[in-house]
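The structure under discussion appears below in the form of structure tokens.
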Amino acid sequence: MFPIGVFDSGYGGLTVLRSFKKALPEYDFIYLGDNARTPYGNRSFETVYEYTLECVNHLFNMGCRLVILACNTASAKALRTIQQNDLPKIDSSRRVLGVIRPTAEIIGKMTHTGTVGVFATAGTVQSESYIIEIAKAWPKITVVQEACPMWVPLIENNEYNKPGADYFVQQHMLQLLQKAPELDTILLGCTHYPLLIEKIKQFAPQGTTIIAQGDIVAESLVDYLKRHPEMESQCSKNGTMQFYTTDDTANFNAHASAFFGSEVQSTFLHL
Ligand code: DGL
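Take the sequence shown: its letters are residues 36 to 306, numbered as in my numbering.
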């Protein structure tokens, strides 16, 4: 029996874990935030892949057989290589899943105009993963993207609800709308961005649907476990949550509750 592993470059994946807890309260989870090396958003494919694989291996070593990359940047830049090249070598019965495909699969149900905007890190935008995955599921939908490299540092440094953040939110909203004024749906394609949702709503045209992906990914995990009883039956169910960080635990505990919604006690993981 094993806990489900959840990985992010830092705190962002806690917004997804929060939805997992709501949807699957009886399951055990281990969260790993690579705070020592965050943010991943501006790093190269090779670096994001190398860091993500290292963290996935740590979660495997802690006993996880199913790991969710609750990070769009890692899902965009590392997931496919890990699934295709590494898992067969490590243990082909283990699974690593991401957040981009489940989000892309439901996006078509949200838009009426057929044009969707995506805010994400530079790495996710550059990978074009959302454009590719949405085109597979919804070929008629137009996707415009906007990279917001300042948003993760603003969020990680507790500036997300301060007036200084307004400039960066408004600037990227204007740039996104310039690319497609007809868009009616905006996807927050970075697991940190839900903390900025109030400001994003404030600067979005009235009536725009803003989508955070936590509940979507949680629903998709519920569905995955239903479709894979061989994996589901091995998941331990004591309703526990363990938190690991690759950096200072006191700092992690102080920041994490804004993302997770309740207090967190973390353990240091040496890389
Ligand atoms: N939370 C990560 C994501 O969803 C990005 C944060 C980072 O840049 O490390 O893309």
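Each residue gets a CB set at the ideal place from its N, CA and C atoms; glycine is no exception.
(message) Run the Cβ filter for me: residues under 5 Å from any heavy atom of the ligand DGL, listed in the order they occur in the chain.
(response) Ser44, Gly47, Thr73, Pro74, Tyr75, Gly76, Cys106, Asn107, Thr108, Thr156, Val187, Cys225, Thr226 and His227
(message) I believe Ala155 touches Gly224 by the beta-carbon criterion, under 8 Å. Please report the beta-carbon distance rounded to the nearest angstrom.
(response) Taking C-beta atoms under 8 Å as the contact rule, Ala155 and Gly224 qualify, at a distance of about 4 Å.
(request) May I ask which residues mark the beginning and end of the beta strand (DSSP E) holding Ile221? (result) Thr220 to Leu223
(message) Tell me which residue opens and which closes the alpha helix (DSSP H) that Thr279 is part of.
(response) The question names Thr, but residue 279 in the sequence shown is Tyr. Careful: Tyr279 lies outside any alpha helix (DSSP H), inside the beta strand (DSSP E) at Met276 to Thr280.
(message) Classify Phe95: buried if its beta carbon has 16 or more other beta carbons within 10 angstroms, exposed otherwise.
(response) buried
(message) I need the straight-line Cα distance from Val178 to Tyr259, nearest angstrom please.
(response) 26 Å
(request) Under 7 Å Cβ to Cβ from Leu88, same chain only, skipping five residues before and after it: list those, please. (result) Result list for Leu88: Ala113, Ile117 and Asp121, in chain order.
(request) Taking Pro174 as the reference, give the member of Thr159, Phe203, Asp201 and Lys144 with the closest Cα. (result) Lys144
(request) Determine the closest residue to Glu140 out of Glu168, Ser292 and Gln180, with distance taken between C-alpha atoms. (result) Glu140 has its Cα closest to that of Glu168, out of Glu168, Ser292 and Gln180.
(request) Kindly give me the distance between the Cβ atoms of Met276 and Tyr66, rounded to whole angstroms, as I take these residues to be in contact under 8 Å. (result) 7 Å
(message) My assumption, with CB atoms under 8 Å, is that Val134 sits in contact with Asn107. Please give the rounded CB distance.
(response) Correct: roughly 6 Å between the Cβ atoms.
(request) Drop a sphere of 10 angstroms on the beta-carbon of Tyr84, count the other beta-carbons inside from all chains shown, and report buried for 16 or more, exposed for fewer. (result) When all chains shown are included, Tyr84 counts as buried.
(request) Look up Gln180 in the DSSP assignment and give the residues it is bridged to. (result) Val153
(request) Specify, as a first and last residue, the run of the alpha helix (DSSP H) that Asp250 falls within. (result) Gly249 to Arg262
(message) Could you give the first and the last residue of the continuous alpha helix (DSSP H) run that contains Ser164?
(response) Ser164 to Ala172
(request) State the start and end residues of the unbroken beta strand (DSSP E) segment that holds Leu132. (result) Arg130 to Leu132
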